[in-house]
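Q: For what it's worth, the UniProt record's numbering labels the leading residue of the sequence shown as 1, then goes sequentially.
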Amino acid sequence: MSSLYELTEAYDTVLEMLYDPEVDEQAVIDTLDGIEGEIEDKADNYARLIRELQADADKLKEEEQRMAARRRSLESRADRLKRNLQANLEFIGKTKFKTALFTFSISPNGGLQPLTITENLGEIPGKYLIPQPPVPDKDKIRELLKSKEVEWAHLEPRGKSLRIR
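Shown next, in the form of structure tokens:
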């Protein structure tokens, strides 16, 4: 069996033969039928491989999701245990000590102090606000382009994809 590239090249050659008046039309048709059969067989094999790879990818995605859920569960449990230990140590006033295995200390978090801003932005002076650039409303622009053309926007052609059912 020929490769897909060879079959495509042969198909192109047969199409060129159609324009050659010296080539017998029946020979072209017979050759074309043989190539089309091989191309269809090749496409079937490609489709089988594609389906198998997609199935493997789906299995891996499911496993990734299962592992991520397990990781989140373990992280959550560790965080709860840490918060519980901290709350109990703070309650008894034991904020710094060492054991044979670990050193424990409760200290303020570093970085910037948390900031809470009221929801009414009108109360904040303008010099404390960051101006935002305008963002085009693509849905409204699409609607406009249905009725007329404009210089500042146009619709691009849609892409193509192979569907295997």
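Think of the CB as a built atom: it goes at the ideal place given N, C-alpha and C, for glycine as much as any other residue.
Considering only residues of the same chain and omitting the five flanking positions on each side of residue 96, which have a CB-CB separation below 6 Å?
A: If we look at residue 96 and ignore the five residues flanking it on each side, its Cβ neighbours are 105.
Q: Would you grab the beta carbon distance between residue 7 and residue 35 for me? Rounded to a whole angstrom, and I think it's under 8 Å.
A: Yes, residue 7 and residue 35 are in contact; Cβ-Cβ is about 6 Å, under 8 Å.
Q: Which same chain residues end up closer than 6 Å to residue 39 when comparing Cβ atoms and leaving out the 5 residues on each side of it in sequence?
A: For residue 39, where only same-chain residues beyond five positions count, the Cβ hits under 6 Å are 7.
Q: Taking only the alpha-carbon atoms, compute the straight-line gap between residue 71 and residue 14 and give it to the nearest angstrom.
A: Looking at the two C-alpha atoms, the distance is approximately 58 Å.
Q: Going straight from the alpha carbon of residue 122 to that of residue 88, what length do you get?
A: Computed Cα separation, rounded: 43 Å.
Q: Over what stretch of residues does the beta strand (DSSP E) that includes residue 140 continue unbroken?
A: Careful: residue 140 lies outside any beta strand (DSSP E), inside the alpha helix (DSSP H) at 138–147.
Q: Does residue 97 come out as helix, strand or coil in the three-state DSSP assignment?
A: Residue 97: strand per DSSP, three-state reduction.
Q: Between which two residues does the alpha helix (DSSP H) harbouring residue 91 extend?
A: Looking at the DSSP string, the run of the alpha helix (DSSP H) that includes residue 91 is 25–92.
Q: Output needed for residue 46: all residues of its chain with C-beta closer than 8 Å, excluding positions within five of it in sequence on either side, in chain order.
A: Cβ neighbours of residue 46 beyond the five flanking positions: 4.
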